[in-house]
Each structure stands twice: as structure tokens, then as C-alpha cells.
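Novice: One structure, pasted below without further comment.
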């Protein structure tokens, strides 16, 4: 079955928030279950960032036990490295994904660790933006989808060094086409890339098939400077940059298969994140996802 | 797959400022021997050198994870040289770069860095090399994924959760006293290791000189769920386990044990049965990855 048909079986999830192991126990962080309970209609689902070796923390488990929807965001697979698909990792992910009752798997299609999964090896770098690399990413996505039986949506990673001869959006167009899958478009990561390369925020989006966008991320970032080199740090504050909003609002209005939008803000207070959620919700409500959510109700 | 080789070069440049500078100054010689296309080399050359330096703490973060596993070795190296620079130097070492380029563990490569003498020769102190052998063995055991022994094999070999080391006599005693001492530091093992002014137990004189006497140390990661156990074996048993090498069948074991002091074949067979019963030896064709 082709992506265009498979995507119909995934229900719209709405607006969610991301978390990762231990984030909920950090002082000053967002108490997601409390916000869900006390401010209904703000958070529809939880995206759980998972390192399989660490498992799920008590906050993620409590969310699942309450019967609330989740997505599984991997933090530990280099999709373009066949050696990374170890049997023990696949077994763990299958078990955790089942435990989460995830709607699908998603995560950055980049380098999550150099070498094997090991202490001190973790990082996150973007892929080399070449046609050969795109094909390898696609092979990994197809393999993971077949091994686990879930849809796997790659995400454009952040970075300060992007090498290759393709624009980021052309690269991911090639990836999703070859893997016949959808994209998790991280608007903040795309804004980081466009800034580094000196492009306008929407550069390349006119060439990308927006019906492939299944999920979007919105997050704050901070302009930094080092030795005269300017870049944006993906620090997940609540200060969302204008370029990120511009990308989000452009794509959100034009993505017919959009199922989910995440505000990556888990390390901020509920008071600080509310304006961001409200603007995201308003944008979603005006687009195809809002219509799908309304129809689903 | 050359994009993966290129990405590993990027990883090395992000961690090691000196290497990154060398790539930009002398790309041909610095990147010689790597499977990169001319186009990929051009991509690196045209990138902004400053972009590789935006996170100057990458190397230190990797090093912290390594010191957690090699705390005693690190403490000795730092004390011998009077500085933690010797630890930072690892990030620029051939061992570190080779590990990344060949997709291997940089922690295990640190063991090779010390054991191979790269760090030791410059800063003196043979003890760090012997202590590193123990920490390297533990680090290796942590990373082994063992599958059940394949049935039908007739080879006896050491259980895959153990390592046998031959060390100068007194090394294990010093290892244990150093470990206990560093563990008592308020900030923990890593902080103790890099605090060069925090004194450590005096290295016994016998360990400072080329050794004439050795002890067999058995390191077992499975025996204790909390952490590894290190046991000095009776010399006769150590000699037999060393003689076992990569594995022997029963007849070869019996002959070897007799050559190491077993009175007769029956005693050698009884010993073999005891070692299997204790779980120290396994019979079969264990599959270790």
C-alpha cells in the first residue's frame, strides 16, 4: 500500500508536547499531566523521546496508563547505518513502542551517535546532504517500518555544519520519496539551516511535496555568535523565532496529511508555554489539521 | 557509503580543534587514506572553519564518559604528569581518531591509548598501564553481548563474562586501595581523578620497577550485580587458566594441566569438572559479539 493510502489510517493527533527520560523531574519543567488536567484543550498528545536502553520514565508511563495518545520519537538510531539495526535494539524498541501504544515512530534522520551506541558517543548531527546519503536514509526507514510494523517518519535535524550539494528540503524530498513515507518537519531546525546558508525562511518549500508532511515541530531558538560566526541554538526556549513561525504557518495551512504538531517546550513552566500553545492551536484550527480534528470529533 | 566516512571526519573535526585546523591547512595529507571523493573533500574545504568550534566542550563531554570508566588510570596519569592535559591529549590521539573513523568505542580505544604507551611514555609511570589493563578488561566485558553457547562444541574456554589478566604482583591490591580511596572523594570518582592536588595512595615500590613476579587476576562481571569482582588466583590455577588460551578440548586440557602441575590425568579431569561446575569454564562454541 502506498503512503497516500496508508496515511489515511492514522488518526489526527492534534497539538502535543515532547518529553524525554527524566525531563519531568527537572525543577521548573512542565508538568504535562497536570497541564493536561488543569488546562484542558491545550495538550492533546505526548511525544516521548526514547533512548531504548533507558526505557520510559514514570511520567510517560502515567500518561499511557491514563489512556492518552502518544508518539515514539527515537533518539538512538542512525537510519543510514545498517550496523545500527542490532537485534537487541530492535527488540527493545518493539517492546517500548507497544508499551506506549504509539501512533507511529519518528525522529531525526541524522547521526545520533558516532560509532556504536556507547557511553559518550551521543550527539546529533545532520546527514550529509547528498543523493547517496538520502538513499541510505530511505533504506533504513523502510527497514525499520518492516521490522517493527509502524510508520516511520524522518525529521530534519539541526546543526551548525551542513555538507553536501542538496538543499535540506530537496534532500528530504528525496528521502521520503524513496522510502515512500511522510516527513516530520521541524520548523525550528529548518530555520536554523536557512539562516546558516543565508536563505529566506521558506526557501525550498515550494519544491517539497507538502502532502508528505505528517508532523511538525515548533520550538524556541536563540541567536548566537562565535568568532563572528552567527548561528541559531536549538535550545527549546519559549522564544520562537519569526522565521520558525513563518515556516510553521506556511506549511500548516498547506499540508493536507498533517496529523500532529509538537511544541517542544518541556523544560519551561506551564505559564511560560501557554502563549506558544495558543498561537499554535489557532494556526492549526485554521488549516487542514483543524478541519480533520473537527471532523474526527 | 563514502558519505559516512565524510560524516566521521566531521565528528572528528567537531571534537578536536587541532585536527580541524589541520584539515583546513593541509587537507590532502590530513585526509589521506580516507575513502572520500574529491567532491566531498571540496565540501569540507568550503565549509566555515568557525562552525566546528561553536561547542568547545564536546571533547570534554566525551572525556568525562571515558574517565568514568577509567577513573583510576586517569588519576594515575594526571598525577604522574601533574596535569589533566594528558587526558585531553587523548582527543587528539591517533587512537581516538581511528576509533571514530572505524566506528569503534572511544572508551575502549582509550584503553589502547594507555596500554600502547602513547600516554605513558611521555609522562612516566608504568603503573597506569597495569591499572588500565584492569579497567580496560572491565570496559570490554561491559560491552560484550553474549548469546547462549552453541550446543555440540567440545572446546572448554573461559566464561565470556570473565577476563584473566597476568599482572605484576601487588597490582590488584593497589587497584583496590586506589579505588576505595577515590570513591571517598566528596565529588565522586571523576572529580577525584582529575583533581591532581588530591593525593592518592603511594604506589608500592615493586610496581614502579620492571616486575619479576606476576599474579593471575580474574575479573568477573557476572558474579556481582553491583559491579565487577577482581580476584587474585592461586598461582597454580592461574597458570592452568592462562594455559587454556582461547580454548582446549578435554584431552588437550588434561595434557596442559599436567604440564602445569596436576599430578595425573584423573586430577586434571576433576579440576576441569570443578571449573565447569563453578561456571568459570564453559563447554561448547559460545557466540560472543
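Residue numbers (this note's numbering), protein chains in the order written: chain A, 250 to 546; chain B, 200 to 488. Where a beta carbon is used, it is the ideal one built from N, C-alpha and C, also for glycine.
#1: Taking the continuous beta strand (DSSP E) assigned at residue 509 (chain A), which residues delimit it?
#2: Anything in the stretch 417–438 of chain B with a Cβ closer than 9 Å to a Cβ of chain A? List those residues in chain order, please.
#3: Closer than 8 Å is the cut-off here; do at least three beta carbon pairs connect the stretch 375–387 of chain A with the stretch 345–362 of chain A?
#4: Is the Cβ-Cβ distance between residue 377 (chain A) and residue 202 (chain B) less than 9 Å?
#5: Look up residue 267 (chain A) in the DSSP assignment and say whether it is helix, strand or coil.
#6: Can you tell me the Cα-Cα spacing of residue 387 (chain B) and residue 275 (chain B), whole angstroms?
#7: Does residue 320 (chain B) come out as helix, strand or coil in the three-state DSSP assignment?
#8: At 8 Å on the CB atoms, spell out the chain A contacts of residue 343 (chain B), in chain order.
#9: By the three-class DSSP mapping on this structure, what secondary structure does residue 296 (chain A) have?
#10: Check residue 279 (chain A) in the structure and name its three-state DSSP category.
#11: Could you say which of A:379, A:411, A:306, A:364 lies nearest to residue 325 (chain A) if we only look at CA atoms?
#12: Can you find the residues in the same chain that come closer than 6 Å, C-beta to C-beta, to residue 268 (chain B), ignoring five residues on each side of it along the sequence?
#13: Within 9 Å of any Cβ in chain A, is that where the Cβ of residue 205 (chain B) sits?
#14: Output needed for residue 471 (chain B): all residues of its chain with C-beta closer than 8 Å, excluding positions within five of it in sequence on either side, in chain order.
#15: Could you pull out every residue in the same chain whose Cβ sits closer than 7 Å to the Cβ of residue 320 (chain B), ignoring the five residues on either side in sequence?
#16: For residue 285 (chain A), I'd like the list of residues in its chain whose CB is within less than 6 Å of its CB, leaving aside the five on either flank, ordered along the chain.
#17: Starting from residue 357 (chain A), follow the alpha helix (DSSP H) in both directions and report where the run begins and ends.
#18: Do residue 408 (chain A) and residue 437 (chain A) have their C-beta atoms within less than 9 Å of each other?
#19: Suppose the cutoff is 6 Å on Cβ atoms and the five residues either side in sequence are ignored; what does the same chain contact list for residue 273 (chain A) look like?
#20: Rounded to whole angstroms, what is the Cα-Cα separation between residue 411 (chain A) and residue 248 (chain B)?
#21: Can you list, in chain order, the residues of its chain with a C-beta nearer than 8 Å to that of residue 290 (chain B)? Leave out the 5 residues immediately preceding and following it.
#22: One question on the structure: do residue 430 (chain A) and residue 467 (chain A) come within less than 9 Å of each other, judged by their Cβ atoms?
#23: Excluding the five sequence neighbours on either side, which residues of its own chain have a C-beta within less than 7 Å of the C-beta of residue 482 (chain A), listed in chain order?
#24: Report buried or exposed for residue 288 (chain B), applying the criterion of at least 16 other Cβ atoms within 10 angstroms of its Cβ.
#25: Establish whether the CB of residue 204 (chain A) and some CB of chain B are separated by less than 9 Å.
#26: So, for residue 323 (chain B): in the same chain, excluding its five sequence neighbours on each side, which residues have a beta-carbon less than 7 Å away from its beta-carbon?
#27: Measuring straight from C-alpha to C-alpha, what distance separates residue 404 (chain A) and residue 448 (chain A)?
#28: Residue 480 (chain A) touches chain B at which residues, Cβ-Cβ below 8 Å?
Specialist: Here's the rundown:
#1: Start at 1 with the first residue of the first chain, and residue 509 (chain A) comes out as number 260. Residue 509 (chain A) -> beta strand (DSSP E) spans 509–513.
#2: none
#3: yes
#4: Against the first chain, residue 377 (chain A) aligns to sequence position 128. Against the second chain, residue 202 (chain B) aligns to sequence position 3. Yes, Cβ-Cβ distance for residue 377 (chain A) and residue 202 (chain B) is below 9 Å.
#5: Walking along the first chain from the start, residue 267 (chain A) turns up at place 18. Residue 267 (chain A): strand per DSSP, three-state reduction.
#6: By 1-based counting over the second chain, the position of residue 387 (chain B) is 188. By 1-based counting over the second chain, the position of residue 275 (chain B) is 76. Straight-line Cα distance between these residues: approximately 16 Å.
#7: As a first step, residue 320 (chain B) is located in the second chain; it is residue number 121 there, counting from the start. Here residue 320 (chain B) scores only 49 on pLDDT, less than 50, and its place in the model should not be relied on; the value that follows carries that caveat. Residue state, collapsed to three classes: helix.
#8: In the second chain, counting from the first residue as 1, residue 343 (chain B) sits at position 144. Neighbours of residue 343 (chain B) on chain A: none; closest Cβ ~12 Å, over 8 Å.
#9: Taking the first chain and counting its residues from 1, the one referred to as residue 296 (chain A) is at position 47. Three-state DSSP puts residue 296 (chain A) in a strand.
#10: Taking the first residue of the first chain as position 1, residue 279 (chain A) is located at position 30. The answer is coil: DSSP assigns residue 279 (chain A) none of H, G, I, E or B.
#11: Along the first chain, one-based indexing puts residue 325 (chain A) at 76. For the residues A:379, A:411, A:306, A:364, the minimum Cα distance to residue 325 (chain A) belongs to A:364.
#12: The count along the second chain starts at 1 and reaches residue 268 (chain B) at position 69. Close CB contacts of residue 268 (chain B) within its chain, under the 6 Å cut and outside five residues either way in sequence, are with 306, 338 (chain order).
#13: One-based indexing of the second chain puts residue 205 (chain B) at position 6. Chain A has a Cβ within less than 9 Å of the Cβ of residue 205 (chain B).
#14: Sequence index remark: in the second chain, residue 471 (chain B) carries index 272 (1-based). Excluding residues within five positions, the ones whose Cβ falls inside 8 Å are 355, 449, 452, 453, 456, 480.
#15: Position 121 of the second chain, counting from 1, holds the residue named residue 320 (chain B). Residue confidence for residue 320 (chain B) is low, a pLDDT of 49 falling below 50, so the modelled location carries little weight and cannot support an answer.
#16: By 1-based counting over the first chain, the position of residue 285 (chain A) is 36. Hits under 6 Å: 292.
#17: Residue numbering aside, residue 357 (chain A) sits at position 108 when the first chain is read from its first letter. Not the alpha helix (DSSP H): residue 357 (chain A) falls in the beta strand (DSSP E), residues 354–357.
#18: Looking up residue 408 (chain A) in the first chain gives position 159. Looking up residue 437 (chain A) in the first chain gives position 188. Result no, Cβ atoms of residue 408 (chain A) and residue 437 (chain A) do not sit closer than 9 Å.
#19: Position 24 of the first chain, counted from the first residue, corresponds to residue 273 (chain A). Around residue 273 (chain A): 308.
#20: Residue numbering aside, residue 411 (chain A) sits at position 162 when the first chain is read from its first letter. Residue numbering aside, residue 248 (chain B) sits at position 49 when the second chain is read from its first letter. One C-alpha to the other measures close to 12 Å.
#21: Taking the second chain and counting its residues from 1, the one referred to as residue 290 (chain B) is at position 91. Same-chain partners within the cutoff: 214, 215, 258, 261, 262.
#22: Mapped onto the first chain, residue 430 (chain A) falls at position 181. Mapped onto the first chain, residue 467 (chain A) falls at position 218. For residue 430 (chain A) and residue 467 (chain A), no; Cβs fall outside 9 Å.
#23: Numbered from 1 along the first chain, position 233 holds the residue referred to as residue 482 (chain A). So the qualifying residues of the chain are 470, 471, 473.
#24: Counted from its first residue, the second chain places residue 288 (chain B) at position 89. Residue 288 (chain B) should be labelled buried.
#25: Shown here, chain A extends from 250 to 546; a query on residue 204 (chain A) therefore has no answer.
#26: For this step, residue 323 (chain B) is matched to residue 124 along the second chain. The predicted model places residue 323 (chain B) with a pLDDT of 49, which falls under 50 and marks its position as unreliable, so this point remains unresolved.
#27: As a first step, residue 404 (chain A) must be located in the first chain, where it is residue number 155. As a first step, residue 448 (chain A) must be located in the first chain, where it is residue number 199. Straight-line Cα distance between these residues: approximately 20 Å.
#28: Residue mapping note: residue 480 (chain A) aligns to position 231 of the first chain, counting from 1. Per Cβ cutoff of 8 Å: 250, 253.
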